[in-house]
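Take a look at the structure below.
There are 4 protein chains.
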Amino acid sequence: MKNTFGSSVSVTIFGESHGSMIGAVLDGIAPGVTVDEEFIAAQMSLRRASGSISTARHEADKVRIVSGVFNGKTTGTPITFIIENQDTRSRDYGELAYKARPGHADYTAFMKYHGYQDFRGGGHFSGRITAGLVASGAVAISALKAKNIRIGTHILSCAGVYDRSFSENPETDIEKLGTSAFAVLDESVKDKMIAGIEAAKSVGDSVGGRLETVVTGVPAGVGEPWFDTLESVLSHIIFSIPAVKGVEFGDGFGLADMTGSQANDPFRSENGTICTETNHCGGILGGISNGMPIIIRTAVKPTPSIYKEQNTVDLNTSEDTTLIINGRHDPAIIHRARVVIDSAVALCLCDQLALRFGTDWLK
Amino acid sequence: MKNTFGSSVSVTIFGESHGSMIGAVLDGIAPGVTVDEEFIAAQMSLRRASGSISTARHEADKVRIVSGVFNGKTTGTPITFIIENQDTRSRDYGELAYKARPGHADYTAFMKYHGYQDFRGGGHFSGRITAGLVASGAVAISALKAKNIRIGTHILSCAGVYDRSFSENPETDIEKLGTSAFAVLDESVKDKMIAGIEAAKSVGDSVGGRLETVVTGVPAGVGEPWFDTLESVLSHIIFSIPAVKGVEFGDGFGLADMTGSQANDPFRSENGTICTETNHCGGILGGISNGMPIIIRTAVKPTPSIYKEQNTVDLNTSEDTTLIINGRHDPAIIHRARVVIDSAVALCLCDQLALRFGTDWLK
Amino acid sequence: MKNTFGSSVSVTIFGESHGSMIGAVLDGIAPGVTVDEEFIAAQMSLRRASGSISTARHEADKVRIVSGVFNGKTTGTPITFIIENQDTRSRDYGELAYKARPGHADYTAFMKYHGYQDFRGGGHFSGRITAGLVASGAVAISALKAKNIRIGTHILSCAGVYDRSFSENPETDIEKLGTSAFAVLDESVKDKMIAGIEAAKSVGDSVGGRLETVVTGVPAGVGEPWFDTLESVLSHIIFSIPAVKGVEFGDGFGLADMTGSQANDPFRSENGTICTETNHCGGILGGISNGMPIIIRTAVKPTPSIYKEQNTVDLNTSEDTTLIINGRHDPAIIHRARVVIDSAVALCLCDQLALRFGTDWLK
Amino acid sequence: MKNTFGSSVSVTIFGESHGSMIGAVLDGIAPGVTVDEEFIAAQMSLRRASGSISTARHEADKVRIVSGVFNGKTTGTPITFIIENQDTRSRDYGELAYKARPGHADYTAFMKYHGYQDFRGGGHFSGRITAGLVASGAVAISALKAKNIRIGTHILSCAGVYDRSFSENPETDIEKLGTSAFAVLDESVKDKMIAGIEAAKSVGDSVGGRLETVVTGVPAGVGEPWFDTLESVLSHIIFSIPAVKGVEFGDGFGLADMTGSQANDPFRSENGTICTETNHCGGILGGISNGMPIIIRTAVKPTPSIYKEQNTVDLNTSEDTTLIINGRHDPAIIHRARVVIDSAVALCLCDQLALRFGTDWLK
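Following this line, the structure appears as structure tokens:
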């Protein structure tokens, strides 16, 4: 399977950065889930570029649902989202067509698609394609919320500045993140991060960062010991988001430096429910949810489109050359990636829950 | 799909720690691949426990191939590996049956399997089940090697001690790692790491670590932009290995702290082949191989079986209690996990290559 | 997987009979395949209703390709087809909403989707949804033709009248079928079949029929012994076409009455190529193509929408009632189903060929 | 996926006719299902050859369960069945190694596996491989029976002699079929069928036949509109059984000759449950179960191993030649195939039910 993810609940995405439209087909969502078009629009606007720290390309990102919703509710059959591309300036890319941009997929796409790929604006590799994921994810997030499963992502680090981690009351944190265009838990770090992004931008450069995601309310017993552990399926979809180069769960790489007595989360009973005193494992043990918050951290590399001159190769002649990228680009995408991660995680969990408890569970 | 991974080349694993046998079915490997039983045995011995820093349980891990190999070569039909469990002491687990061991899957298995799971020695969640993965992986590694694709993993960190990373000549490094039971690139760190493990063991504790893997020779153009990026499929299988809690590619989480001009790998032409000057992206751009070495780092949590008293809950009564784990356990598994990662990576790549170039490519 | 079929080449379909648009996403087709929009339009018109023996609903079925095609050729990334619904008269269905139409999916959809399904015109169960399959199939058929693989389907029987079977030169037959709106090999049976359809129509009834399909040029060695035999994967997609209730290969059910000496196809060498003297097995042995023409026969039940009064149950009250279906319906769909079968078979074979020989094979 | 079928519940089969052992891995069956080894043995004996109308090869077919069952119940993790091959006489095949047997997979296997396949006794293509399917199916049948879902198959026709079809009380018929080694509903046809088989055998020939299967108790609302209709998934697994060349549901090909008013099954309410007055559709409408008995008919071609001289080609030289097959073969397999169909249908339905209602439903 290529551009389709999931089994019981699946999403198929399509489109290119400078094609006529992009979109997604979301299949397997239980019938009867309320589809809130305002919420979808709000999620789309979280992903959309805005302000000085994003690309100057502006897309309305108006989502049109053309199937699978009837009388405001999901029917249980495929939900199709289409989004028109409007503000395309393909001439910006003309001269780059055969100069592989470092950090981009131009060269690897060329080796896979033999030059037939739509190279304009990154084509099908563009971060723009995540718009379909966000539209689909909005329905998944709504369906989960109705079952008291909540998801939130904040910028844990950007330009060397760190936010605090989720507290012991992650649901309060999720609420706090709300619809902030630059989601941090400690408001005092926001301006420093933005200053870091602008400093990079001022020299034609870009920055990356870390995102931290929490999911609350997932019942214990979801996931598989092999090969579809919750970590496996979540990392699978998260690693398909452009620019993601690392994923960890719970204390993740930090666990490598602990001893067993530090890392093990002791169990205790709380009002008849079994929970853990700490949550180093990030809510997943043996690949299966333990009922505690699921914690995911994601590394996002700096935007590869920078304005500095770079060494590269001409794909037609295989000769060394240099390139300067013009066009409109983001000096950082970390703040826009937040809602993409939420969406990906929601889609994956809807699939896992439907597999575990049946196709009506999210109804 | 549960205990099966892969599409064109797939592996299905089965068995429990204290059952009569464990094993795997490897399907889709091209016909005509030489099956070297000595190499399989050598790989098995890399995984097998030995010495003071491993469990006292000793299994011969003799692999018997009961299908799919004819006249010493693969037939193209399923290859089945069976391995007898011999040194089981199930009585060690009797009293633990309903006391959920912290850091283990006991509680999550209980919530998924409602108490019907074989709890002895971790049952199907046991690291022992990786033996089938290693046997299968040995055939995959051989098939790849015949196409000049090589894989090697070393212990990047353990007990706070760091090894050096792969050099610019990773194939030399891979050769050097060879069949070392404790694979490090800088021999001088080995004793320090082992001392760290033994120190933890002496107080009934355990340690984790980081593994670093390199793959050379993968042709450019393998992988998908969505959702089966190379990072996605590799992380999927790696995260299903018990104790893995983090996976990163190239500079991974380190990329989050770089600028675009630092992170982008400039292209250059070398004897007509396009390569990159640096390899921060770890050989994968846009989800697709670029022909450079693939670099993966994996976080392994400390072994959860420790000898210290721990707080837990009785799954039958839901009441708080404490437990002391006896039995035989590893104070570290990082050195044994190395060959498991190699095997998982090899199986995943065989699948990707067969999907890309057809089922005869590895012939 | 629900509305997605295939692995290396896959198709995802969406839409409802009376929604705003229907369509399909075709993924995995090799890059560089010429996309002939005129051919797509011609295939669509074969599927489209016309004349006295089809529904009075008329749809332009103009296909718009919104992704995956660049400069007239496939890019290798998802190709999306959208088709507007124009001539919808949903009021025709108002009163039927809760009266389950016999032979239709109303009742089973109600049990699966709990009343949330879009019931208008059969919603997602409508034969109209095959339009997306035909658009996708047109690209698949073109790609196969470029590799000398040809597909043709004729009406073997309708209203009790039989056409002759494919001759020893099936490619000539395929050419002959061409773009006939009522595809038979023996032109003399055509009027009799149509007379049978009109006779049924005149009394408010409908008829079914048999389709026979041939595929030439598939190389030997494609398919799996288990579980993805060519028969398995072809029947899988064919049985998902509405109204199909039987599928057979080669002499099919007729083989049940033969002896082994009658049924076995002797091999012989012809200019160095191994072929069979007869083709009772329909080009497939042990689930794998043998290089001979693939022969498939499909049973299509009569259109369930008839104008006679029928007994049924009110889904709201569970009480017995009667219904008379108004609206616009086909007295036969057998002639329109022909191109749907061709499309389904082509999509399935593109997948099998890409799995066998790699994703570039159809380039 | 190759030798694995199913998604939530899956089966993987392995082995060759003359290898050391064959078997299957059954994954995803709910935990807590009672595993009745006597019932498994009884099912195996239905498949096993016996008497004058079967091969003289006699295998004990003792099934050993080596994983996934604990204290007599399923654990929820993979159940592995292994069966030793004992009565192999590979010398019988020596001279046939490169003479493609007509009607067999020798030639197609050669084109797929390039001569590396284990050709002895048909290798992985042998009907013997169905033993693993039957062992797995026995557990599936038990699980379904505990939910009041029953499956039965009888020989509808053999050697030109027809049995009656299932009555209006199919559960009584299923009970009647019981463990008969030659399952017919009308005992009076049995001797005629066997006489037909023996007549063919006496002249070194073989016969085929038709099987009819009924499944009762499947709740309404299971299956998908596209592409995983119940007909699609059932035909997928049934067509992978060697020798099956046709599958139909309900009146199947007979529906092609009916009018809509004859074919439509009127609904009626019976004690609050909606059912149909007739069952021409075979319990499936729009790809989804309607709660009525599911009716499947399967065409089985005559055993291709006959003792008459046949024309063929030498695969090494591509030259025409003749062959006479010796060895031990079945003049008919229709009576042995019955339990294979039951098993395949049961495995497929367990998967569909788990997908629809969750992994605990069969508990």
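Protein chains in written order, with the numbering used here: chain A, 70 to 432; chain B, 70 to 432; chain C, 70 to 432; chain D, 70 to 432.
Glycine residues also receive a C-beta, built at the ideal position from the N, C-alpha and C atoms.
Cβ neighbour criterion (16 or more within 10 Å) applied to residue i
i      : result
D:G290 : buried
B:S275 : buried
B:E237 : exposed
C:H127 : exposed
C:E281 : buried
D:A125 : exposed
C:E293 : buried
B:K131 : exposed
C:G247 : exposed
A:E300 : buried
A:T391 : exposed
D:T328 : buried
A:S79  : buried
B:T342 : exposed
Other residues of its chain near residue i: CB distance less than 7 Å, five sequence neighbours each side excluded
i      : result
A:G277 : V369, K370, P371 and I403
A:E346 : D334, P335 and R337
D:A415 : G206, A209, I210, L213 and I220
D:G88  : N154 and D187
Cβ of residue i within 8 Å of any chain A Cβ
i      : result
C:D297 : no
C:Q155 : no
C:H127 : no
Own chain, CB closer than 6 Å to residue i, minus 5 neighbours either side, in chain order
i      : result
A:R405 : R116
A:E85  : D187, G192 and H193
D:Y376 : G273
A:S226 : G278 and R279
Closer than 8 Å to chain C by CB, residue i
i      : result
D:D326 : yes
A:M180 : no
B:F426 : yes
A:K259 : no
D:Q379 : yes
Residue-chain proximity (residue i, chain B), Cβ-Cβ < 8 Å
i      : result
D:H404 : no
C:P100 : no
A:M70  : yes
D:D411 : no
C:P294 : yes
A:P147 : no
Nonlocal neighbours in the same chain, by C-beta distance under 8 Å from residue i, ignoring five residues either side
i      : result
C:K432 : A99, P100, G101 and V102
Any C-beta of chain D under 8 Å from that of residue i
i      : result
C:C350 : yes
_Does the stretch 314-322 of chain C come into contact with the stretch 393-404 of chain C, if we say contact requires no fewer than three beta-carbon pairs (one atom in each stretch) closer than 8 Å?_
no
> Does the pairing of the stretch 332-351 of chain B with the stretch 236-250 of chain A give three or more beta-carbon distances under 8 Å?
Replying inline: no
If contact is defined by three or more beta carbon pairs under 8 Å, each pair taking one atom from either stretch, is the stretch 419-427 of chain B in contact with the stretch 259-269 of chain D? no
How do the stretch 84-101 of chain A and the stretch 134-148 of chain A stand: do at least 3 beta-carbon pairs fall below 8 Å, yes or no?
yes
request  = Could you pull out every unbroken alpha helix (DSSP H) segment of at least 4 residues lying fully inside the stretch 287-363 of chain C, listed in chain order?
outcome  = Look at the stretch 287-363 of chain C and you find these whole runs of alpha helix (DSSP H), each 4 residues long or longer: 299-307 and 329-332.
Which runs of the beta strand (DSSP E), 3 residues or longer, sit entirely within the stretch 261-291 of chain A?
For the stretch 261-291 of chain A, whole beta strand (DSSP E) runs of length 3 or above, ordered along the chain, are 278-285.
Give the list of continuous beta strand (DSSP E) stretches no shorter than 3 residues that lie fully inside the stretch 148-204 of chain C. Entirely contained in the stretch 148-204 of chain C, the beta strand (DSSP E) runs reaching 3 residues are, in chain order, 148-153.
Exercise for the section: Entirely within the stretch 79-128 of chain B and at least 3 residues each: give me those beta strand (DSSP E) ranges in chain order. Expected result: 79-83 and 90-96
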